[in-house]
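Undergrad: One structure, pasted below without further comment.
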Amino acid sequence: MTTEILRNMLYRGAEMIREIAWVIFDEIHYLKDPSRGVVWEETLILLPPQARFVFLSATIPNSLEFAKWIAKLNGHPCHVIYTELRPVPLQHYLFPAGGDGIHLVVDYKGKFRDANFMKALSQIQSSTQEGCQQLQGHTGDGTVFASEQLLEQQAKDKMALSNRNEDVFRLVKMIMNRGFDPCI
Numbered sequence: 001m002t003t004e005i006l007r008n009m010l011y012r013g014a015e016m017i018r019e020i021a022w023v024i025f026d027e028i029h030y031l032k033d034p035s036r037g038v039v040w041e042e043t044l045i046l047l048p049p050q051a052r053f054v055f056l057s058a059t060i061p062n063s064l065e066f067a068k069w070i071a072k073l074n075g076h077p078c079h080v081i082y083t084e085l086r087p088v089p090l091q092h093y094l095f096p097a098g099g100d101g102i103h104l105v106v107d108y109k110g111k112f113r114d115a116n117f118m119k120a121l122s123q124i125q126s127s128t129q130e131g132c133q134q135l136q137g138h139t140g141d142g143t144v145f146a147s148e149q150l151l152e153q154q155a156k157d158k159m160a161l162s163n164r165n166e167d168v169f170r171l172v173k174m175i176m177n178r179g180f181d182p183c184i
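This is the structure we're talking about:
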């Protein structure tokens, strides 16, 4: 169940609350979230004293401080178990709009791929230059008057909007074809 549901059950004094022995909080770093954090904090404070906790997070920077607070809050020791191991290694890709694909720029070992980054960057730069040349009618002199600037901006906005859907479709198709799904 969500933390919000558990907190509501605590407010209502639900029968099953007395039987809780363990509560597992996944993504405990939500405690710092401006909109949801108060719910997590209230839940921790309202849980019965016999309840024990397991907290999971890959991104809680102040874990030792947090553990001390929890130990003080409920009177039970709280141990921090930390590992550098990533079960699913991170890889970073760039997908330049208007480019010819996605480019691996940081591999699973954390190695930065200069050549791939430069290729993606050049696609971004060339796509930007081509777009500007199309909008300026290939005049090449770069002279644009105020009314033309307004038309240029409107054309850029239209181009960006039409390209966005096409780029998203291409990206999703490429992700599926290369077996990169599921991904964020």
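Take the sequence shown: its position 16, counted from the start at 1, is 16 in UniProt numbering, and no numbers get skipped. Even glycine gets a Cβ: it sits at the ideal position worked out from N, Cα and C. On a predicted model such as this, the values are computed, not experimentally measured, just so you know.
1) Within 10 Å of its beta-carbon, does G99 have 16 or more other beta-carbons around it, so buried, or fewer, so exposed?
2) Could you name each continuous beta strand (DSSP E) segment of 3 residues or more that falls completely within the region 37-74, going from the start of the chain to the end?
3) Just reading off the alpha helix (DSSP H) that Y93 is part of, what are its end residues?
4) Ordered along the chain, which non-local residues of its own chain (more than five positions away) have a Cβ less than 7 Å from that of T139?
5) Under the three-state reduction of DSSP, which class applies to N5: helix, strand or coil?
6) Applying the 10 Å Cβ sphere with the 16-neighbour rule, what's the burial state of R7?
7) Determine whether the beta carbon atoms of L73 and I28 lie at a separation below 8 Å.
8) Relative to the alpha-carbon of W40, which residue among L31, Q50 and L47 has its alpha-carbon at the smallest distance?
9) Quick check: what's the CA-CA separation for L56 versus E42?
10) Just verifying my parser: in three-state terms, what is the DSSP assignment at H29?
11) Quick one: what does DSSP say L104 is sitting in, helix, strand or coil?
12) In whole angstroms, what is the alpha-carbon distance linking P87 and I60?
13) Look at the alpha carbon of F53 and the alpha carbon of Q125, and state the distance between them as a whole number of angstroms.
14) Which of the three DSSP states, helix, strand or coil, is assigned to I24?
15) In chain order, what residues of the same chain have a beta carbon less than 8 Å from the beta carbon of W22, not counting five sequence neighbours either side?
16) Using the rule of at least 16 other Cβ atoms within 10 Å of the residue's Cβ for burial, across every protein chain shown, is T2 buried or exposed?
17) With 16 as the cutoff for other CB atoms within 10 Å, does H76 come out buried or exposed?
TA: Taking the geometry as given:
1) buried
2) 52-56
3) Run containing Y93: none in the alpha helix (DSSP H); it sits in the beta strand (DSSP E), H92 to L94.
4) Unreliable placement is indicated for T139, whose pLDDT of 48 sits below 50; no coordinate value is reported for it.
5) Per the sequence shown, the amino acid found at residue 5 is Ile instead of Asn. I5 falls in the helix class under three-state DSSP.
6) buried
7) no
8) L31
9) 18 Å
10) helix
11) strand
12) 17 Å
13) 51 Å
14) strand
15) A51, R52, F53 and V54
16) exposed
17) exposed
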